[in-house]
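Start counting the sequence shown at 644; every next residue gets the next number (our numbering).
Here is the structure we will look at.
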Amino acid sequence: MLEIKDSVAVITGGSGGIGMALARYWTSRGGKVVLADIAEAALAGAAREIGSETVTVLCDVTKEEDCARLADTAVERFGKINLVAPFAGIIMDGMLVSTDRDTGKVNRKMPLEVFRKVIDINLTGVFLTVRECVERMVNNGCRGLICFISSTGSLGTAGQINYSSTKAAMSVMPKVLTAEFFRRGLADRIRCAAVAPGYVGTDMVKGMNQKALEKILGEVPIGRLIEPEEVASLVGEIYRNEALAGETFFIHGGLRLGSRG
Ligand SMILES: NC(=O)c1ccc[n+]([C@@H]2O[C@H](COP(=O)([O-])OP(=O)(O)OC[C@H]3O[C@@H](n4cnc5c(N)ncnc54)[C@H](O)[C@@H]3O)[C@@H](O)[C@H]2O)c1
């Protein structure tokens, strides 16, 4: 079992709901965090709240040089990286095509930039964050976990062709990297896994259309949104338990999964 005390977590999207909850969880157990985000004011607020065991890095995860600087900062400031939580992510929902009620013809398509922006942040951004952090973990002999964040949307949610595709990728990345690390003799010290939350009470979800949110809640057996702290706690358990590797762990309050049209 690994200890959180004195271990170093790199968290992107770190000033947002789940990232910030993980930062609180980590530091309250004696860990240190490097928080990365593009939201400068929120990042400063997060640093003030958490205190001396935090370093913040203004970082756009779609930029290679920002991700390299993030990983370097962790090693320079704390000497190692033990947890990588590449949680920066966005939603920009829409249907592939929409049709006109009267004519039945297509009257709207998802714009390329809407598809691409979600891919850039949620997929390419994760690739860059993880690649740069793993390089430093390997070169500095670090032990720990890469914890991707997937979603129940990874199973296919209508209106989210961009988001669902990136979250499906997050569910497969732990398997790809666990196999690669096994080949290179690294899998016993750098594990990979993913958490896949259902509807979590963060700005991302609270900002949704309220009618849609009410409908969603009607389908959650525990009758409420998942708390960001509950996701953070799951990440902490996966970090500690070194038998957990290569898998995606759902946390959704009993939601019935699968696409419904
Ligand atoms: N909220 C949910 O219900 C839910 C469910 C499943 C998965 N997730 C995933 O959890 C992660 C965090 O979501 P959240 O609900 O906390 O959202 P959030 O919007 O509260 O936080 C996301 C953070 O990412 C940051 N960000 C956006 N673009 C960035 C970029 N280019 N570079 C760096 N930072 C950037 C934002 O500034 C924000 O602080 C996301 O990957 C999301 O897909 C959320």
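Where is the CB? At the ideal position from N, CA and C, for every residue including glycine.
Segment limits, beta strand (DSSP E) that includes residue i
i    : result
P817 : Not the beta strand (DSSP E): P817 falls in the alpha helix (DSSP H), residues I804 to R826.
G787 : G787 to I792
R832 : Run containing R832: none; DSSP gives neither H nor E here.
N750 : V749 to K752
Which listed residue (the options) has its alpha carbon closest to that of residue i
i    : options                   : result
N805 : E756, C790 and G674       : E756
V848 : R827, P871 and S671       : P871
Y668 : A684, V651 and D680       : V651
G841 : T800, G828 and F825       : T800
S906 : A811, T746 and V815       : With the chain covering 644 to 904 only, the question about residue 906 has no answer from this structure.
G896 : E880, R672, V843 and G673 : V843
Contact test: residue i Cβ vs ligand 1 heavy atom, cutoff 7 Å
i    : result
T845 : yes
C702 : yes
T655 : yes
T697 : no
Y842 : yes
T705 : yes
I792 : yes
N852 : no
D680 : yes
N765 : yes
G866 : no
G659 : yes
First and last residue of the uninterrupted alpha helix (DSSP H) at residue i
i    : result
P871 : P871 to R883
D846 : D846 to K849
Any C-beta of chain B under 8 Å from that of residue i
i    : result
A684 : Reference to chain B is not applicable here, since this structure consists of a single protein chain.
*At a cut of 8 Å, does the region 644-658 reach the region 716-733 through at least three beta carbon pairs?*
yes
*Below 8 Å, can you find three or more Cβ-Cβ pairs linking the region 695-707 to the region 670-683?*
yes
*Three or more C-beta pairs closer than 8 Å, one from the region 784-795 and one from the region 826-846: is that the case here?*
yes
*Indicate whether the contact test is met: 3 or more Cβ pairs, each with one atom in the region 682-697 and one in the region 750-764, closer than 8 Å.*
no
*asked:* I'd like the ranges of any alpha helix (DSSP H) spanning at least 4 consecutive residues and lying wholly in the region 672-732.
replied: 683-693 and 707-721
_Quick test of the definition: if touching needs 3 or more C-beta pairs under 8 Å, does the region 710-719 touch the region 770-787?_
yes
*Taking contact to mean at least 3 C-beta pairs separated by less than 8 Å, is the region 817-827 in contact with the region 882-899?*
yes
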